[in-house]
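Student:
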Amino acid sequence: MARHPAVLIPGDGIGPEVTEAVVRILEAAGATIAWEEQPAGLAALEQTGEVLPSRTLDAISRTKLALKGPCTTPVGEGFSSVNVQLRKAFNLYAAVRPVRSLPGVETRFRDVDLVIIRENTEGLYSGVENEITPGVVMSMKVATTRGCERIARWAFNYARQRDRRRITVFHKANIMKLTDGLFIRCAREAHAEGYSDIAYEEAIIDAGCMRLVQDPGQFDMLLLENLYGDVVSDLCAGLVGGLGVVPGANIGDDGAIFEAVHGSAPDIAGKGLANPLALLMSAVMLLNYLVEQTGDEACRTAATRIKAAYDLALEQGEKTRDLGGQLSTNEFADAVIARL
Ligand code: ATP
Numbered sequence: 001m002a003r004h005p006a007v008l009i010p011g012d013g014i015g016p017e018v019t020e021a022v023v024r025i026l027e028a029a030g031a032t033i034a035w036e037e038q039p040a041g042l043a044a045l046e047q048t049g050e051v052l053p054s055r056t057l058d059a060i061s062r063t064k065l066a067l068k069g070p071c072t073t074p075v076g077e078g079f080s081s082v083n084v085q086l087r088k089a090f091n092l093y094a095a096v097r098p099v100r101s102l103p104g105v106e107t108r109f110r111d112v113d114l115v116i117i118r119e120n121t122e123g124l125y126s127g128v129e130n131e132i133t134p135g136v137v138m139s140m141k142v143a144t145t146r147g148c149e150r151i152a153r154w155a156f157n158y159a160r161q162r163d164r165r166r167i168t169v170f171h172k173a174n175i176m177k178l179t180d181g182l183f184i185r186c187a188r189e190a191h192a193e194g195y196s197d198i199a200y201e202e203a204i205i206d207a208g209c210m211r212l213v214q215d216p217g218q219f220d221m222l223l224l225e226n227l228y229g230d231v232v233s234d235l236c237a238g239l240v241g242g243l244g245v246v247p248g249a250n251i252g253d254d255g256a257i258f259e260a261v262h263g264s265a266p267d268i269a270g271k272g273l274a275n276p277l278a279l280l281m282s283a284v285m286l287l288n289y290l291v292e293q294t295g296d297e298a299c300r301t302a303a304t305r306i307k308a309a310y311d312l313a314l315e316q317g318e319k320t321r322d323l324g325g326q327l328s329t330n331e332f333a334d335a336v337i338a339r340l
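Residue numbers (the numbering used here): 1 to 340.
1) Given a threshold of 16 other Cβ atoms within 10 Å of its Cβ, counted over all protein chains shown, does D254 qualify as buried or as exposed?
2) Can you tell me the Cα-Cα spacing of P216 and V291, whole angstroms?
3) Between which two residues does the alpha helix (DSSP H) holding I205 run?
4) Skipping 5 residues on each side, what residues in its chain have a beta carbon closer than 7 Å to that of C299?
5) Does the ligand ATP have even one heavy atom less than 8 Å from the beta-carbon of D322?
6) Would you decide whether G229 is buried or exposed? Buried here means 16 or more other CB atoms lie within 10 Å of its CB.
7) Mind reading off the beta-carbon distance from L65 to V18? Whole number of angstroms is fine, and I expect it under 8 Å.
8) For I251, name the three-state secondary structure that DSSP assigns.
9) For the ligand ATP, any of its heavy atoms closer than 8 Å to the Cβ of P134?
10) Does DSSP put T121 in a helix, in a strand, or in coil?
11) Quick one: complete beta strand (DSSP E) runs, 3+ long, within the stretch 26-51?
12) Quick one, which of N157, F90, L224 and D197 has its alpha-carbon nearest R185's?
13) Measure the alpha-carbon distance for N83 versus C71 and round it to whole angstroms.
14) V99 and C209 look like a contact to me (Cβ under 8 Å); what is the Cβ gap, rounded to whole Å?
15) Can we say the stretch 237-244 touches the stretch 261-277, given the rule of at least three CB pairs closer than 8 Å?
16) Rounded to whole angstroms, what is the Cα-Cα separation between P5 and G41?
17) State yes or no: is the C-beta of V18 nearer than 8 Å to some heavy atom of the ligand ATP?
18) Quick check on the burial criterion: 16 or more other C-beta atoms within 10 angstroms. Buried or exposed for F109?
19) Comparing alpha-carbon positions, which option in E27, V23 and I9 lies nearest A43?
20) Whether or not the stretch 122-130 and the stretch 152-162 are in contact is what I'm after, with contact meaning three or more pairs of Cβ atoms, one per stretch, closer than 8 Å; do they touch?
21) Grab the span of the alpha helix (DSSP H) containing N226 for me, first residue to last.
22) Say yes only if the C-beta of L42 is nearer than 8 Å to one or more non-hydrogen atoms of the ligand ATP, and no if none qualify.
23) Quick one: what does DSSP say M221 is sitting in, helix, strand or coil?
24) Identify the residues that DSSP records as bridge partners of D113: which are they?
25) Taking 8 Å as the cut-off, is the beta-carbon of A283 closer than that to any non-hydrogen atom of the ligand ATP?
26) Could you check what DSSP says for R300 in three-state terms: helix, strand or coil?
27) Whose C-beta lies closer than 6 Å to the C-beta of A303 among residues of the same chain, with five residues either side of it excluded?
28) Which residues in the same chain as R165 place their Cβ atom closer than 7 Å to its Cβ, once the five residues preceding and following it in sequence are excluded?
29) Report yes if the CB atom of N91 is closer than 9 Å to the CB atom of G252, and no otherwise.
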């Protein structure tokens, strides 16, 4: 089969190091992808004067598929977040973040296996903030029936397709009666519409977070509005070994962008300390998405080989420093390639 075109955004900070390592592993695994590299974030600002140049947007419009390193948006210079812009531009309303325990990665819990579904376009990410009067500022939280119904149905469909048994909505509808109230009402209605095979539960977010850190095994899938999904994703990363091991996908009806949950981690950039695993796992999600979209068996084989290879590497103690190992970013990539 011909190679599938996909945009590759190296991004900022540790982005170029981890994307380079991941592309090397995908090539070695025989993934049938033709990468088209495009800039975004600070790297793009230096090259083009824009954080999200039109040529990057055009390329994603064409390929409808991208693997993206973390992008930094300069704060306080009038630029809106690259990540938020991309999600809105391509209507990537569902963020999927699988959080799983990994072999060879010691954490407080074993057998964590959660999927977080985050609404990706609404809530406090509306970008509408005002200074009402000096000393008084406000930020607008937006929820629409369309957006809430759409993410709820998407989550239940995903649950059914992947044989997941239970969805828990985290919310704060006792305080945000209208916005979070709408979110849970739409989730209840989607559940009642025909998903009685999947258990449905609600938890007030503060109590839900306490339960998560006490015993993550009691949850299967979490459904959250935008900001709660952002925060709880990092909390859940902490349950399985940190930000170096949690992948993500931003999916819409007409395209998808895959990226790790972590940011650009400027403190460790350029030192070979970054764990490429989170982006590698995101790339495996991209391959599986391609299998669903095109039926390309070469993508399925590459995804299976990569997952088996990184599991084996971790089991054998081949780890980067964030996981207690000694390997650099490139040495870990080599260790995975050697086990393909
Ligand atoms: P952002 O605001 O974009 O989320 P941030 O710097 O606040 O960025 P992250 O970049 O997500 O947050 O990371 C927080 C810390 O976690 C980093 O400073 C780094 O020490 C660690 N970290 C994140 N990603 C990785 C990784 N892939 N490998 C190793 N350590 C990581």
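Yeah, the Cβ is synthetic: ideal placement off N, Cα and C, and Gly gets one too. All values reported here derive from a predicted model rather than from experimental measurement.
Tutor: Reading it off the structure:
1) Here the question's residue 254 lines up with position 254 in the sequence shown. Here D254 is exposed. Its C-beta has fewer than 16 other C-beta atoms within 10 Å.
2) Taking the sequence shown and counting its residues from 1, the one referred to as residue 216 is at position 216. Taking the sequence shown and counting its residues from 1, the one referred to as residue 291 is at position 291. Going by the C-alpha atoms only, they are around 30 Å apart.
3) Translated into the one-based positions of the sequence shown, residue 205 becomes position 205. First-last of the alpha helix (DSSP H) with I205: I205 to Q214.
4) Residue 299 sits at position 299 when you count from the first residue of the sequence shown. Excluding residues within five positions, the ones whose Cβ falls inside 7 Å are A31, T32, L287, L290 and V291.
5) Start at 1 with the first residue of the sequence shown, and residue 322 comes out as number 322. Yes.
6) Within the sequence shown, numbered from 1, the residue matching residue 229 stands at position 229. Buried, because 16 or more other Cβ atoms sit within 10 Å of the Cβ of G229.
7) In the sequence shown, residue 65 corresponds to position 65, counting from 1. In the sequence shown, residue 18 corresponds to position 18, counting from 1. Rounded, the Cβ-Cβ distance is 18 Å, inconsistent with contact.
8) Along the sequence shown, one-based indexing puts residue 251 at 251. If DSSP states are grouped into helix, strand and coil, I251 belongs with the strands.
9) In the sequence shown, the residue the question calls residue 134 occupies position 134. Every heavy atom of the ligand ATP is 8 Å or more from the Cβ of P134, so no.
10) Within the sequence shown, the letter at position 121 stands for residue 121. Coil at T121, not helix or strand.
11) Counting only runs of 3 or more, we get 33-37.
12) Your numbering for residue 185 matches position 185 in the sequence shown. That would be L224, whose Cα lies nearest to the Cα of R185.
13) For the purposes of this step, residue 83 is identified with residue 83 of the sequence shown, where counting begins at 1. For the purposes of this step, residue 71 is identified with residue 71 of the sequence shown, where counting begins at 1. The straight-line gap from Cα to Cα measures roughly 7 Å.
14) Counting from one through the sequence shown, the residue named residue 99 turns up at place 99. Counting from one through the sequence shown, the residue named residue 209 turns up at place 209. With 8 Å as the limit, V99 and C209 do not qualify as a contact, their Cβ atoms being about 14 Å apart.
15) yes
16) Walking along the sequence shown from the start, residue 5 turns up at place 5. Walking along the sequence shown from the start, residue 41 turns up at place 41. If you take the alpha carbons of P5 and G41, they lie about 22 Å apart.
17) Counting from one through the sequence shown, the residue named residue 18 turns up at place 18. Yes, the Cβ of V18 comes within 8 Å of a heavy atom of the ligand ATP.
18) Here residue 109 is taken as the residue at index 109 of the sequence shown, counted from 1. The residue is exposed, with fewer than 16 neighbouring Cβ atoms inside 10 Å.
19) Reading the sequence shown from its first residue, position 43 is the one you call residue 43. Ranking E27, V23 and I9 by Cα distance to A43 puts I9 first.
20) Two segments are said to touch when three or more pairs of C-beta atoms, one from each, lie closer than 8 Å; by this definition the stretch 152-162 does not touch the stretch 122-130.
21) If you number the sequence shown from 1, residue 226 lands on position 226. Per DSSP, N226 belongs to the alpha helix (DSSP H) from N226 to V240.
22) Counting from 1 along the sequence shown, the entry for residue 42 is found at position 42. No, Cβ of L42 sits at least 8 Å from all heavy atoms of the ligand ATP.
23) On the sequence shown, position 221 is the one that residue 221 refers to. Strand at M221.
24) Numbered from its first residue, the sequence shown carries residue 113 at position 113. R100, per the DSSP bridge assignment.
25) Numbered from its first residue, the sequence shown carries residue 283 at position 283. Checking every heavy atom of the ligand ATP against the Cβ of A283, none is found closer than 8 Å.
26) Taking the first residue of the sequence shown as position 1, residue 300 is located at position 300. Reduced to three states, the DSSP call for R300 is helix.
27) The residue labelled residue 303 in the question sits at position 303 within the sequence shown. Same-chain partners within the cutoff: V284, L287 and N288.
28) Walking along the sequence shown from the start, residue 165 turns up at place 165. If we look at R165 and ignore the five residues flanking it on each side, its Cβ neighbours are I198, A199 and D220.
29) Within the sequence shown, residue 91 is the residue found at index 91, counting from 1. Within the sequence shown, residue 252 is the residue found at index 252, counting from 1. Contact flag set, yes.
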